[in-house]
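Have a look at the structure below before the remarks.
Following this line, the structure appears as structure tokens:
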């Protein structure tokens, strides 16, 4: 068992439909109404692991913002594309107080396209979506 497999087992992660591995940590019992009228949990939080070679495929979250919080491992590249198209914007998430190019947190606005990949052996982040995420 390699380090990534051990981390997946220790954290109780499962394959994510968009790539990588995840586990839902929190789903708020509070309900809110999105701008489109759909009722959602106020907030959802997941652990999300991207090992080397895995990607979080291009996707978007409609009606909710998503914040990515770096936890550990190697830096992660997060790509964002406005809903109207244009050029992708790249952020590097990580923690190195000396390297100003690394950010510990990035926010993807509602409706923006996003994709991510680890820039090393693995990257562990927490993703928070509000109003809460649902696969439907």
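Residue numbers (my numbering): 178 to 313. The beta carbon of each residue, even a glycine, is placed where N, CA and C say it ideally should be.
First and last residue of the uninterrupted alpha helix (DSSP H) at residue i
i           : result
residue 182 : 180–188
N- and C-terminal bounds of the beta strand (DSSP E) containing residue i
i           : result
residue 307 : 299–307
residue 284 : 282–285
residue 247 : 242–250
residue 235 : 232–237
residue 203 : 198–204
residue 211 : Note, residue 211: premise wrong, no beta strand (DSSP E); not H, not E.
residue 226 : 221–228
Residue from the options with nearest C-alpha to residue i
i           : options               : result
residue 179 : 207, 299, 303 and 304 : 299
residue 189 : 224, 215 and 305      : 224
residue 311 : 186, 211 and 187      : 211
Cutoff 7 Å; reference residue i; Cβ partners in own chain excluding five residues on either side
i           : result
residue 156 : Any property of residue 156 remains undetermined from this structure, which presents the chain solely from 178 to 313.
Spatial neighbours of residue i in its chain, beta-carbon cut-off 6 Å, leaving aside the 5 residues before and after
i           : result
residue 273 : 279
residue 181 : 228 and 299
residue 218 : 204, 205 and 309
residue 193 : 199
Contact belief for residue i with residue j at Cβ below 8 Å, rounded distance in angstroms
i           : j           : result
residue 220 : residue 297 : In fact, because the Cβ distance is near 29 Å, the residues do not count as touching under 8 Å.
residue 270 : residue 253 : 5 Å
residue 233 : residue 183 : Not quite, the Cβ-Cβ distance comes to about 21 Å (not below 8 Å), so this is no contact.
residue 242 : residue 285 : 7 Å
Own chain, CB closer than 8 Å to residue i, minus 5 neighbours either side, in chain order
i           : result
residue 191 : 198, 199 and 200
residue 282 : 244, 245, 246, 247 and 270
Please determine if the stretch 248–264 and the stretch 199–206 are in contact, where contact requires at least 3 C-beta pairs separated by less than 8 Å.
-> The stretch 248–264 makes no contact with the stretch 199–206: fewer than 3 CB pairs, one atom from each, lie closer than 8 Å.
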